[in-house]
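Engineer: Using the UniProt record's numbering, read the sequence shown as starting at 1 and increasing by one per residue.
Glycine residues also receive a C-beta, built at the ideal position from the N, C-alpha and C atoms.
Dumping the structure here so I can ask a few things about it.
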Amino acid sequence: MATYYSEEHEWLSVEGDTATLGITKHAAEQLGEVVFVEQQEAGDEFEKDGEIGVIESVKAASELYAPVDGEIVEVNEALADNPGALNEDPEGEAWIYKIKISDASQLEDLMDEAGYKAFIG
Numbered sequence: 001m002a003t004y005y006s007e008e009h010e011w012l013s014v015e016g017d018t019a020t021l022g023i024t025k026h027a028a029e030q031l032g033e034v035v036f037v038e039q040q041e042a043g044d045e046f047e048k049d050g051e052i053g054v055i056e057s058v059k060a061a062s063e064l065y066a067p068v069d070g071e072i073v074e075v076n077e078a079l080a081d082n083p084g085a086l087n088e089d090p091e092g093e094a095w096i097y098k099i100k101i102s103d104a105s106q107l108e109d110l111m112d113e114a115g116y117k118a119f120i121g
């Protein structure tokens, strides 16, 4: 399993052609207290850089952008009842989507953990 990071502060944990997507701890800290997560539905298809949801905090609303082309295969329904989980465990239990990647070559445009740490450093 490999983990990739985007400049929009999202992480993708990839296994085969499926990835789990969420926001980074850094993003959660910048957002502050998350109060609402607007998610798309399983089966929705999207293109790289397309908007795939919105995270609202007490400070601001922040769009989620797709780091790769794909299709949502599972939505983390728990976030509807407990959006604050994104503050508690953004890189673990509070994942946002599981997606099927259409074009794995797009992963090459993303950063590894060391690259992301340097990016936010």
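(1) Three or more beta-carbon pairs under 8 Å between the stretch 13-27 and the stretch 89-106, yes or no?
(2) Just list the beta strand (DSSP E) runs in the UniProt domain "Lipoyl-binding" (18-100), keeping only unbroken ones of 3 residues or longer that don't cross its boundaries, in chain order.
(3) Pull up the distance between the alpha-carbon of K59 and that of L79, whole angstroms please.
(4) Y4 bridges to which residues according to DSSP?
(5) Is it buried or exposed, V75, if we count other Cβ atoms within 10 angstroms and call 16 or more buried?
(6) Assuming G115 is part of the alpha helix (DSSP H), what are its boundary residues?
(7) Would you kindly work out how many angstroms separate the C-alpha atoms of S6 and D49, rounded to a whole number?
(8) Assuming contact is defined by CB atoms lying nearer than 8 Å, are V37 and G53 in contact in what I supplied?
(9) Apart from the five residues just before and just after residue 164, which ones in its own chain have a Cβ nearer than 6 Å to its Cβ?
(10) Helix or strand or just coil, what does DSSP make of S102?
Structural biologist: With the structure as the only source:
(1) yes
(2) 18-23, 34-39, 51-57, 61-65 and 70-75
(3) Residue numbering aside, residue 59 sits at position 59 when the sequence shown is read from its first letter. Residue numbering aside, residue 79 sits at position 79 when the sequence shown is read from its first letter. About 18 Å.
(4) Mapped onto the sequence shown, residue 4 falls at position 4. Answer is L12, bridged to Y4.
(5) As a working note, residue 75 is residue 75 in the sequence shown. Looking at its Cβ environment, which holds 16 or more other Cβ atoms inside 10 Å, V75 is buried.
(6) Translated into positions along the sequence shown, residue 115 becomes position 115. Unbroken alpha helix (DSSP H) run through G115: E113 to I120.
(7) Taking the first residue of the sequence shown as 1, we reach residue 6 at position 6. Taking the first residue of the sequence shown as 1, we reach residue 49 at position 49. Those two C-alpha atoms are separated by around 10 Å.
(8) On the sequence shown, position 37 is the one that residue 37 refers to. On the sequence shown, position 53 is the one that residue 53 refers to. Yes, Cβ-Cβ distance for V37 and G53 is below 8 Å.
(9) An answer regarding residue 164 cannot be provided, because it is not within the stretch 1 to 121 covered by the chain.
(10) Here residue 102 refers to the residue found at position 102 of the sequence shown. Looking at S102 - three-state DSSP - the assignment turns out to be coil, as it is neither helix nor strand.
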